[in-house]
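In my numbering, the protein residues as written are 11 to 723.
Here a beta-carbon is modelled for each residue, glycine too, at the ideal position from N, C-alpha and C.
Inspection log for the structure reproduced underneath, given as structure tokens.
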Amino acid sequence: MPEYLSPGVYIEEQDTGPEPIEGVSTSVTGFVGVTQMGPLDTNPPVLVTSFPEYQRTFGTYFTPQFSTTPPDGDSYNLMPHAVAGFFNNGGQLLYIKRVGRAAGGGANVPTYASAGNSLENFAGTPTIMTRLAQSAVPNGVNETIYVAATVGIQKGSTITLNQTKNGISSSSGTLTVASYNDQTSQVTFSAPIPTPTPASANATYYDSNYTTVAVSGAYTPAPNSGFFLLQAGSPGAWANPQPSGDIGLQVQIEPSSRAQAQIQTTLPPSGTQIQLTSGASFYSGAIIEINTGTNKYYAKVQTVTGASLTLLSALPAATVTAINAVIGTSPVWVRTWEFDIAAAYGNTTESFPGLTLDPSTPYYFADAIANGSSLLSVPTASLTPTPAPTDLTTVPVASDGLDVTLTGGSDGDCPLASDYVGNDGGPGDRTGIAALVDASEISIIAAPGKTDQTTQNALIAQCENLLYRFAILDPQPTQTGGPPTMTTIQTQRDLYDTEYAAIYFPRIVVSDPLSGNPLPVCPSGHMAGIYAQTDDTRGVWKAPANVVINGILSLETKLSKGDQDILNPEPNNINALRDFTAQGRGLRVYGARVITSDEEWMYINVRRLFIFLEASLDQGTQWAVFEPNDQTLWNRLIQSVSAFLTTVWQQGGLMGTTADQAFFVKCGTDTMSSDDIENGRLIMLVGVAPVFPAEFVIIQIGQWAGGSSVQEL
Numbered sequence: 011m012p013e014y015l016s017p018g019v020y021i022e023e024q025d026t027g028p029e030p031i032e033g034v035s036t037s038v039t040g041f042v043g044v045t046q047m048g049p050l051d052t053n054p055p056v057l058v059t060s061f062p063e064y065q066r067t068f069g070t071y072f073t074p075q076f077s078t079t080p081p082d083g084d085s086y087n088l089m090p091h092a093v094a095g096f097f098n099n100g101g102q103l104l105y106i107k108r109v110g111r112a113a114g115g116g117a118n119v120p121t122y123a124s125a126g127n128s129l130e131n132f133a134g135t136p137t138i139m140t141r142l143a144q145s146a147v148p149n150g151v152n153e154t155i156y157v158a159a160t161v162g163i164q165k166g167s168t169i170t171l172n173q174t175k176n177g178i179s180s181s182s183g184t185l186t187v188a189s190y191n192d193q194t195s196q197v198t199f200s201a202p203i204p205t206p207t208p209a210s211a212n213a214t215y216y217d218s219n220y221t222t223v224a225v226s227g228a229y230t231p232a233p234n235s236g237f238f239l240l241q242a243g244s245p246g247a248w249a250n251p252q253p254s255g256d257i258g259l260q261v262q263i264e265p266s267s268r269a270q271a272q273i274q275t276t277l278p279p280s281g282t283q284i285q286l287t288s289g290a291s292f293y294s295g296a297i298i299e300i301n302t303g304t305n306k307y308y309a310k311v312q313t314v315t316g317a318s319l320t321l322l323s324a325l326p327a328a329t330v331t332a333i334n335a336v337i338g339t340s341p342v343w344v345r346t347w348e349f350d351i352a353a354a355y356g357n358t359t360e361s362f363p364g365l366t367l368d369p370s371t372p373y374y375f376a377d378a379i380a381n382g383s384s385l386l387s388v389p390t391a392s393l394t395p396t397p398a399p400t401d402l403t404t405v406p407v408a409s410d411g412l413d414v415t416l417t418g419g420s421d422g423d424c425p426l427a428s429d430y431v432g433n434d435g436g437p438g439d440r441t442g443i444a445a446l447v448d449a450s451e452i453s454i455i456a457a458p459g460k461t462d463q464t465t466q467n468a469l470i471a472q473c474e475n476l477l478y479r480f481a482i483l484d485p486q487p488t489q490t491g492g493p494p495t496m497t498t499i500q501t502q503r504d505l506y507d508t509e510y511a512a513i514y515f516p517r518i519v520v521s522d523p524l525s526g527n528p529l530p531v532c533p534s535g536h537m538a539g540i541y542a543q544t545d546d547t548r549g550v551w552k553a554p555a556n557v558v559i560n561g562i563l564s565l566e567t568k569l570s571k572g573d574q575d576i577l578n579p580e581p582n583n584i585n586a587l588r589d590f591t592a593q594g595r596g597l598r599v600y601g602a603r604v605i606t607s608d609e610e611w612m613y614i615n616v617r618r619l620f621i622f623l624e625a626s627l628d629q630g631t632q633w634a635v636f637e638p639n640d641q642t643l644w645n646r647l648i649q650s651v652s653a654f655l656t657t658v659w660q661q662g663g664l665m666g667t668t669a670d671q672a673f674f675v676k677c678g679t680d681t682m683s684s685d686d687i688e689n690g691r692l693i694m695l696v697g698v699a700p701v702f703p704a705e706f707v708i709i710q711i712g713q714w715a716g717g718s719s720v721q722e723l
């Protein structure tokens, strides 16, 4: 009770009604299976809200490159088809958990594609590599080229143009730089550019798309390969060059500059200070290039104060003299030396400009990639210690001056049922189906295309243990990988008896984006989307049946009414997918049964309605825990639950013309004994009248003297 210790007005808030109970979501779905890329191991499931978002994280349609032959007739490339089917049929929220061959027992686990040693600083040689920015056509007079980057190029440097085009390699030989212009990226030689040697019809000029520029005699610090390592963002063969000829993960590296300004006054004899026209974008730890127009010098910035740079190490006296000799007669430019990384895969592109190899700077490449890339990662544990403070290690260079090829990625061995089931090591340490526990809002689960008994038992067990989930099972192919048959689907169904799963037959046929041919795929992804759409538009109490399946070409097996007469009734309860195109009604879901022997829970919508009610009441009555267990609490609970069930009834979720016919709620001395109350137990009794689907619409018609009489039951 509040205390009133002095005169005044006291404002007090009072509860004016029952505690509201909000219905939980029933359409959030979780899929487990093999994907082309994406988080693996103990990473939690990832939420995606569209197929493009799935592609950005997990890749697209693919053919797994397993090191071992799949042990059964299942297909392991169906996850993208299931995800596309989910969203095409109205699904909105989908969690994905990637599966790979688990470590241990000598299993070949998926590995990362890596740049290996191809990205050592300056490729381990005293040569800077860049590319032509424009094609160069020798004509006996032309002495000028345009390059992608002029870093390190100075008067007297030697350059070799190397072209590989249409399988023919040719070279310019050694060319000597007479002058350069950093502002226009123009380089002029002391002699005309020669025709490519050997010359051919395919190599009469230097094509910028196929020509590298190798620069020698420039600034060349000792290589430090351990300062730069790069690998794909997730394990798998996806990032390798593909057997089809596709590049895989495309990565490019180019020199760049974050800041540029002119030197304003002559350098002091100490060689440790540089006064610029502007210090904007210069930073501590930056490597700078000082360009006199004929020569270039390099240093590292210790601090930036306004427009003044303090260098970490003093420039040699001869360098100071050479720079001061130019100041006042022509501009002397100072620019920072960084590098850009660009990555692309499918429709996903990423760009990271202005990076460094120095962890002490705010532009350290490993931090930038770790914080912003899904395509790339850096194995930081393998990096050597931080470069020495005076180390002028600058940028990594690809072997052709631009393109980086990642190799060594592997899809590992084909996952086994145990990998799908996963391990439960507790929060943050779960794999496979067990990891779906980490996304508590999931209500529908499936392992698209995985049909062995062990995996499907794991799906069912999770639903039965958590109580608030429902599993969709796919039909099992024959042992030779052939299509499921009437016999195989009945045999498969006989393996299970559960109130928390449904199975569908036959498989559906879609267009394969990889080949353009029809492809039989599992129906669970499309069905999960139909479940979600029905829940959102009609309510969980509406059976997800007599609904057109979107995004498919046909059904693998065309079932007749006689076939469904066998599959649908007890004890089978197998849900048929039917072809009604001859009647102008398309391809439809034509079953809504649970694979259970308990007739009380025979229908999917009834089971899922109770899942919805139970989960909502569980979540909505948590406030009552530790409240005084008396009539006041009982009345509040009755009011809250009754208000919630009234809403469900009004929306069509319960039978009855009145609320009293639809449900009852009891809580008090008629539901609890004194022993219950003394031992802290509050027992509330709730009964509801669910809506059952009109599975059989029977129209009785007969003759009568006045005409015809129709009665619908």
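- Select from 263, 265, 308 the residue whose C-alpha is nearest the C-alpha of residue 284. 308
- Selection from 201, 106, 596, 584 that minimises the alpha carbon distance to residue 153: 201
- Residues bridged to residue 207 by DSSP? 181
- Message: Given this structure, state the Cα-to-Cα distance separating residue 540 from residue 29, to the nearest angstrom.
- Response: 33 Å
- Just reading off the beta strand (DSSP E) that residue 649 is part of, what are its end residues? It is not in any beta strand (DSSP E) - residue 649 instead sits in the alpha helix (DSSP H) that spans 641 to 660.
- Contact set for residue 699: own chain, Cβ-Cβ below 8 Å, skip 5 residues either direction: 664, 665, 666, 671, 672, 673
- Message: If contact is defined by three or more beta carbon pairs under 8 Å, each pair taking one atom from either stretch, is the region 556 to 572 in contact with the region 526 to 545?
- Response: yes
- Are the region 35 to 49 and the region 83 to 92 touching by the rule of at least three beta carbon pairs closer than 8 Å? yes
- Query: Taking the alpha carbon of residue 553 as the point to measure from, which residue in 570, 704, 499 has its own alpha carbon closest?
  - Reply: 704
- Query: Skipping 5 residues on each side, what residues in its chain have a beta carbon closer than 6 Å to that of residue 361?
  - Reply: 352
- Message: Below 8 Å on the Cβ atoms is my contact criterion, and I expect residue 142 with residue 221 to pass it. Report the Cβ-Cβ distance as a whole number of Å.
- Response: 5 Å
- Cβ of residue 481 within 7 Å of Cβ of residue 499? no
- What residue ranges within the region 411 to 466 form continuous alpha helix (DSSP H) runs of no fewer than 4 residues, ordered along the chain? 427 to 431
- Task: Look up residue 510 in the DSSP assignment and say whether it is helix, strand or coil.
- Result: coil
- Task: Indicate whether the contact test is met: 3 or more Cβ pairs, each with one atom in the region 339 to 346 and one in the region 298 to 305, closer than 8 Å.
- Result: yes
- Message: With DSSP as the reference, identify every bridge partner of residue 635, one or two as the case may be.
- Response: Looking at the DSSP assignment, residue 635 forms no beta bridge with any residue, so it has no partner.
- Query: Helix, strand or coil: which one does DSSP assign to residue 483?
  - Reply: strand
- Three-state class that DSSP yields for residue 618 in the structure shown: helix
- For the region 219 to 285, which segments carrying the alpha helix (DSSP H) assignment without a break, of at least 4 residues, lie completely within its bounds, in sequence order? none
- Message: Suppose contacts are defined by Cβ-Cβ distances below 7 Å. Is residue 248 in contact with residue 69 by that definition?
- Response: yes
- Query: Quick one: any contact between the region 620 to 639 and the region 592 to 604, if contact means 3 or more CB pairs under 8 Å?
  - Reply: no
- Query: Within this structure, are the beta carbons of residue 489 and residue 461 separated by less than 7 Å?
  - Reply: no
- Message: When you compare the CB positions of residue 443 and residue 105, do they come within less than 7 Å of one another, or not?
- Response: no
- Query: Can you tell me whether DSSP reads residue 609 as helix, strand or coil?
  - Reply: helix
- Item | C-beta atoms of residue 542 and residue 101 nearer than 7 Å | yes
- Task: Determine the burial state of residue 123: buried for a count of at least 16 other Cβ atoms within 10 Å of its Cβ, exposed for fewer.
- Result: buried
- Query: Quick one: what does DSSP say residue 603 is sitting in, helix, strand or coil?
  - Reply: strand
- Query: If you draw a straight line from the C-alpha of residue 574 to the C-alpha of residue 518, how long is it?
  - Reply: 16 Å
- Message: To the nearest angstrom, how far is the alpha carbon of residue 636 from that of residue 647?
- Response: 13 Å
- Message: For residue 583, which residues in the same chain have their Cβ closer than 6 Å to its Cβ, ignoring the five residues on either side in sequence?
- Response: 603, 605
- Look up residue 172 in the DSSP assignment and give the residues it is bridged to. 181, 222
- Report the rounded CA-to-CA distance for residue 504 versus residue 79, giving the unit in angstroms. 28 Å
- Task: Please state if the CB of residue 483 and the CB of residue 724 are separated by a distance shorter than 7 Å.
- Result: Nothing in the structure corresponds to residue 724, since the chain is present only between 11 and 723.
- Message: Does residue 321 come out as helix, strand or coil in the three-state DSSP assignment?
- Response: strand
- Message: Give me, in chain order, the residues of the same chain whose beta-carbon lies closer than 7 Å to that of residue 85; leave out the 5 immediate sequence neighbours on both sides.
- Response: 459
- Message: I need the straight-line Cα distance from residue 448 to residue 441, nearest angstrom please.
- Response: 10 Å
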